[in-house]
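A.B. asks: Keeping their order, the protein sequence lines are chains A and B.
Taking the working numbering, the leading residue of the first sequence gets 2, the next gets one more, and so forth.
Taking the working numbering, the leading residue of the second sequence gets 9, the next gets one more, and so forth.
Beta carbons are placed, not taken as given, at the ideal position from N, Cα and C, and that holds for glycine.
This is the structure I have questions about; it appears just below.
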Amino acid sequence: MIGFVVRRLISAVLVLFVISVAVVALFTYGPSDPADAMCPEPKCTAERQDAITEALNLDAPLHVQYTEYMTGIFKGREIAFGSESYDCEAPCFGVSFIYRVNVWDDIKDRIGPTVSVAVGAGVTILLIGVPIGMFAARRRGTSADKTVIGATLVIESIPYYLFVLLAFLYLAVSAGIFPQEGYHPLTDSPLKWAWGLLLPWLALGLVNSSKYARFTRGSMIEAFNQDYVRTARAKGLHERRIVNKHALRAAVVPIVTIFGIDFGALLTGTIFTELIFGIPGLGLRALNAVSQSDLPVIEATTLISALIIVVTNLLVDLFYSVLDPRVRLT
Amino acid sequence: MTVSEVLIQGPDPEIDPEPRTGEVAGRSPMRIAMDRLLSDKVAMICAGIVLLFVLIAIFAPLLCKLFGVELRAGDPVTDTDSFNYPVIGPPNYGFTWEAPLGLEPNSGNDLLAEWFYGARTSLLVATIATVVSTVVGVVLGLIAGYSRGWGDRVITFMIDLFLTLPFLLVAIAISPMLVERWRENPTMLDNASLIALIVILSIFGWMGLARLIRGEVISLREREFIEAAHVLGMPTHRILFKELLPNLVAPIVVSFSLSLPATIAAEATLAYLGVGVTGRPSWGQTILRAQSWFDEYPLYLYAPIVGIVVLVFALNLLGDAIRDAFDPKSFR
Numbered sequence: 002m003i004g005f006v007v008r009r010l011i012s013a014v015l016v017l018f019v020i021s022v023a024v025v026a027l028f029t030y031g032p033s034d035p036a037d038a039m040c041p042e043p044k045c046t047a048e049r050q051d052a053i054t055e056a057l058n059l060d061a062p063l064h065v066q067y068t069e070y071m072t073g074i075f076k077g078r079e080i081a082f083g084s085e086s087y088d089c090e091a092p093c094f095g096v097s098f099i100y101r102v103n104v105w106d107d108i109k110d111r112i113g114p115t116v117s118v119a120v121g122a123g124v125t126i127l128l129i130g131v132p133i134g135m136f137a138a139r140r141r142g143t144s145a146d147k148t149v150i151g152a153t154l155v156i157e158s159i160p161y162y163l164f165v166l167l168a169f170l171y172l173a174v175s176a177g178i179f180p181q182e183g184y185h186p187l188t189d190s191p192l193k194w195a196w197g198l199l200l201p202w203l204a205l206g207l208v209n210s211s212k213y214a215r216f217t218r219g220s221m222i223e224a225f226n227q228d229y230v231r232t233a234r235a236k237g238l239h240e241r242r243i244v245n246k247h248a249l250r251a252a253v254v255p256i257v258t259i260f261g262i263d264f265g266a267l268l269t270g271t272i273f274t275e276l277i278f279g280i281p282g283l284g285l286r287a288l289n290a291v292s293q294s295d296l297p298v299i300e301a302t303t304l305i306s307a308l309i310i311v312v313t314n315l316l317v318d319l320f321y322s323v324l325d326p327r328v329r330l331t
Numbered sequence: 009m010t011v012s013e014v015l016i017q018g019p020d021p022e023i024d025p026e027p028r029t030g031e032v033a034g035r036s037p038m039r040i041a042m043d044r045l046l047s048d049k050v051a052m053i054c055a056g057i058v059l060l061f062v063l064i065a066i067f068a069p070l071l072c073k074l075f076g077v078e079l080r081a082g083d084p085v086t087d088t089d090s091f092n093y094p095v096i097g098p099p100n101y102g103f104t105w106e107a108p109l110g111l112e113p114n115s116g117n118d119l120l121a122e123w124f125y126g127a128r129t130s131l132l133v134a135t136i137a138t139v140v141s142t143v144v145g146v147v148l149g150l151i152a153g154y155s156r157g158w159g160d161r162v163i164t165f166m167i168d169l170f171l172t173l174p175f176l177l178v179a180i181a182i183s184p185m186l187v188e189r190w191r192e193n194p195t196m197l198d199n200a201s202l203i204a205l206i207v208i209l210s211i212f213g214w215m216g217l218a219r220l221i222r223g224e225v226i227s228l229r230e231r232e233f234i235e236a237a238h239v240l241g242m243p244t245h246r247i248l249f250k251e252l253l254p255n256l257v258a259p260i261v262v263s264f265s266l267s268l269p270a271t272i273a274a275e276a277t278l279a280y281l282g283v284g285v286t287g288r289p290s291w292g293q294t295i296l297r298a299q300s301w302f303d304e305y306p307l308y309l310y311a312p313i314v315g316i317v318v319l320v321f322a323l324n325l326l327g328d329a330i331r332d333a334f335d336p337k338s339f340r
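Shown next, in the form of structure tokens:
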């Protein structure tokens, strides 16, 4: 077990290292000169371009830039930006080119909304998907089963941003059932927080649950064919007990694994939800940063998202290896 | 016929669910799958729908002439009134053959022409990106599965790495840079954003298939026919592409048919974020512009939505049918 944990940790750290190098390299040696890309031509002066080059330390070799960036994250650093100087404390992801503020100060308040959206949506996915899958599995082959599974296929064919967009347009803007301006911090008022996020949760949950419904159905049907379920039936156990106690327990392990992997993607994929509902999260900030070519913010959001995915994947692997000892062998 | 080929064509364990009289000769798994697919009504209807979209994409200029519409020919001054509403067709006037889907508010462009060419962009981008990512996935999967040790480790690590990158964030971050880069080349001016989009969709699409192929190859490489080829002194590239590849047709076809609709949806998604194709019609960008008109002018919003949903749905069902056709365990 310890060997497995160590191996997974090393690989996670290695992945993060390569991603951080790639992020730093891409933005300095990437296809375009960031100083050029940042400097819109009508407004660009030679001084401004020089200031940008100097601020980014673009002439230095990659390893110097990388060390500098990483030192910033772990220890903090001084950033000279033209004539001004910023004292950037750890974790320092640089200074925003556009707003001239510490990037970490700018984005740390945006993690909360993003996590709120993702966690709520994740819970909704499971609450909708798993019961529907169980329902269909128990009625395998009947018209109810076919209707439910057909419906999940239709929902899955709607690109999820369209689903969220239509939900927003009709239920929030047109009908006014749900509030339009979505986000209130949880610490302010839990009720307002939940009410504002209810529609994003439902929309994201419903559109993503179709996969889980089909997956649960398949997994449950497989479990129903197992000998121990037959034994349970032969003993005369109540059907509800067989479904909930025996079959579901076996079926839920692979669902948990897939959910863990999807959850990482959900955390970084809330961009649309944030854009459509105007939720001030990480994704929305990244989107604005891209349209403004605000490189330090793009770097920071990409790195933080990668970190979130690596950590969730790691936790899923560890959790899974506790549930299923065979995993540790590979 | 080489020894290895004899070894591949061993007794076929597959039993055709509908045995036919007078046909005793062995049929290849590909042939069996094709027969199963052809007798699947839903699959054939979906294939028909997909074919219709392909024809629309190919003959978009001809269709535009047929309906008497022209792409991006709108004039904001003559085609829209002072409130930016179109002067003919919906939302303020009835249906007209001059513009069957109406004109776009603000610009006055014809929406039917926009829709035809949108289908073209969507299918073009998705097909190229899926083909590229399939080729990359197959080649890397073959190499990873067949080479023991470092080659395998490096490719597996790359798969993990690309799976870890947050796709949407990286896509929106690198696309302006790629466009910037290619824009300097004057011949690519119009196509810069198109190529950037294809590159992005390709580099994030190969991992699943590479993993799948790697797994298949690991189990196949221990089989006798590969050992025989090895003993005969067949060069590695011949073993990979002549011996292993034909045995991997089923997973490749299935993966291709299921990732095509996903890529179409991804293209529309990115277009909505403004990352996608600029300067040419795209369903995703029409949706972006149309969303604020959803109440007054639903047709504007729904024409591209229906296009995407119907195409993706038909491709999904077709992909499912292809998977079933290749799966010897599934009986209908």
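Give a yes or no on whether 8 angstroms exceeds the smallest Cβ distance from Val155 (chain A) to chain B.
C.D. replies: Yes, Val155 (chain A) counts as interfacial toward chain B.
A.B. asks: For the putative contact between Ala121 (chain B) and Glu78 (chain B), defined by C-beta atoms under 8 angstroms, what is the C-beta separation to the nearest angstrom?
C.D. replies: Confirmed, Cβ separation roughly 6 angstroms.
A.B. asks: Give a yes or no on whether the minimum CB-CB distance between Tyr229 (chain A) and chain B is below 8 angstroms.
C.D. replies: Chain B contact via Cβ: absent.
A.B. asks: Between Val178 (chain B) and Thr303 (chain A), is the Cβ-Cβ spacing less than 8 angstroms?
C.D. replies: Result yes, Cβ atoms of Val178 (chain B) and Thr303 (chain A) sit closer than 8 angstroms.
A.B. asks: Can you give me the C-alpha to C-alpha distance between Leu309 (chain B) and Gly145 (chain B), rounded to a whole angstrom?
C.D. replies: Leu309 (chain B) and Gly145 (chain B): Cα-Cα distance of roughly 36 angstroms.
A.B. asks: Could you give the DSSP three-state label for Ser21 (chain A): helix, strand or coil?
C.D. replies: In this structure, Ser21 (chain A) counts as helix in the three-state DSSP scheme.
A.B. asks: Between the beta-carbon of Val298 (chain A) and the beta-carbon of Val104 (chain A), is there less than 8 angstroms?
C.D. replies: Yes, the Cβ-Cβ distance between Val298 (chain A) and Val104 (chain A) is below 8 angstroms.
A.B. asks: Flag Tyr162 (chain A) as yes if its beta-carbon sits less than 8 angstroms from any beta-carbon of chain B, otherwise no.
C.D. replies: Answer yes: the Cβ-Cβ gap between Tyr162 (chain A) and chain B drops below 8 angstroms somewhere.
A.B. asks: Could you give the first and the last residue of the continuous alpha helix (DSSP H) run that contains Leu200 (chain A)?
C.D. replies: Run containing Leu200 (chain A): 191-225, per the alpha helix (DSSP H) assignment.
A.B. asks: What are the boundary residues of the alpha helix (DSSP H) that Asn114 (chain B) is part of?
C.D. replies: Segment: none, Asn114 (chain B) is in no alpha helix (DSSP H) and carries neither H nor E.
A.B. asks: Can you tell me the Cβ-Cβ gap for Ala55 (chain B) and Leu326 (chain B), rounded? I've got them flagged as a contact below 8 angstroms.
C.D. replies: Right, their Cβ atoms sit about 6 angstroms apart.
A.B. asks: Take Arg246 (chain B) and list the residues in its own chain whose beta-carbon comes closer than 8 angstroms to its own, dropping the five residues that flank it on each side.
C.D. replies: Ala237, listed in sequence order.
A.B. asks: Across which residues does DSSP place Pro94 (chain B) in a beta bridge pair?
C.D. replies: Beta-bridge pairing links Pro94 (chain B) to B:Thr88.
A.B. asks: Please classify Asn92 (chain B) as buried or exposed, where buried requires at least 16 other C-beta atoms within 10 Å of its C-beta.
C.D. replies: Flag for Asn92 (chain B) reads exposed.
A.B. asks: By how many angstroms is the C-alpha of Glu251 (chain B) removed from the C-alpha of Val143 (chain B)?
C.D. replies: Their Cα atoms are separated by approximately 17 angstroms.
A.B. asks: How big is the Cα-Cα spacing for Arg229 (chain B) and Thr244 (chain B)?
C.D. replies: Computed Cα separation, rounded: 12 angstroms.
A.B. asks: Does Ile1 (chain A) get closer than 8 angstroms to chain B when you measure Cβ to Cβ?
C.D. replies: This structure gives no information on residue 1 (chain A), because the portion of chain A shown stretches from 2 to 331.
A.B. asks: Report the rounded CA-to-CA distance for Leu281 (chain B) versus Tyr70 (chain A), giving the unit in angstroms.
C.D. replies: Cα to Cα, Leu281 (chain B) sits roughly 29 angstroms from Tyr70 (chain A).
A.B. asks: In chain order, what residues of the region 300-315 of chain B put their CB closer than 7 angstroms to some CB of chain A?
C.D. replies: Flagged, chain order: Phe302, Asp303, Ile313.
A.B. asks: Can you list, in chain order, the residues of its chain whose CB lies under 6 angstroms from that of Pro92 (chain A), leaving out five sequence neighbours each side?
C.D. replies: Closer than 6 angstroms at the Cβ level, and outside the excluded window around Pro92 (chain A), lie Ile74, Trp105.
A.B. asks: In this structure, how does DSSP classify Cys54 (chain B) when only helix, strand and coil are distinguished?
C.D. replies: It is helical.
A.B. asks: Tell me whether Pro174 (chain B), by its Cβ, gets closer than 7 angstroms to a heavy atom of the ligand ATP.
C.D. replies: Within the structure as shown, the ligand ATP is missing, as the structure has no ligands at all.
A.B. asks: Closer than 9 angstroms, Cβ to Cβ, to anything on chain B: give me those residues from the region 64-76 of chain A, in chain order.
C.D. replies: Cβ contacts with chain B: none found.
A.B. asks: Note down the Cα distance separating Phe273 (chain A) from Gly110 (chain B), rounded to an integer number of angstroms.
C.D. replies: One C-alpha to the other measures close to 28 angstroms.
A.B. asks: When burial is assigned at 16 or more other CB atoms within 10 Å of the CB, is Ser210 (chain A) buried or exposed?
C.D. replies: The residue in question, Ser210 (chain A), is buried, as its Cβ has 16 or more Cβ neighbours within 10 Å.
A.B. asks: Between the Cα of Leu131 (chain B) and those of B:Ala274, B:Phe334, B:Ala51, spot the shortest distance and give me the residue it belongs to.
C.D. replies: Residue B:Ala274 is the option with its Cα nearest to Leu131 (chain B).
A.B. asks: Under 8 angstroms between C-beta atoms, does Ser322 (chain A) make it to chain B?
C.D. replies: Chain B contact via Cβ: absent.
A.B. asks: Name, please, each residue of chain B whose Cβ falls closer than 9 angstroms to the Cβ of Leu319 (chain A).
C.D. replies: The premise fails here: Leu319 (chain A) is roughly 16 angstroms from chain B at the closest Cβ pair, so nothing lies under 9 angstroms.
A.B. asks: DSSP three-state call for Cys89 (chain A): helix, strand or coil?
C.D. replies: Strand.
A.B. asks: I'd like to know whether the C-beta of Val317 (chain B) is nearer than 8 angstroms to at least one C-beta of chain A.
C.D. replies: Answer yes: the Cβ-Cβ gap between Val317 (chain B) and chain A drops below 8 angstroms somewhere.
A.B. asks: Using 8 angstroms for Cβ pairs, my map puts Leu209 (chain B) next to Ala279 (chain B). What's the rounded Cβ distance?
C.D. replies: With 8 angstroms as the limit, Leu209 (chain B) and Ala279 (chain B) do not qualify as a contact, their Cβ atoms being about 11 angstroms apart.
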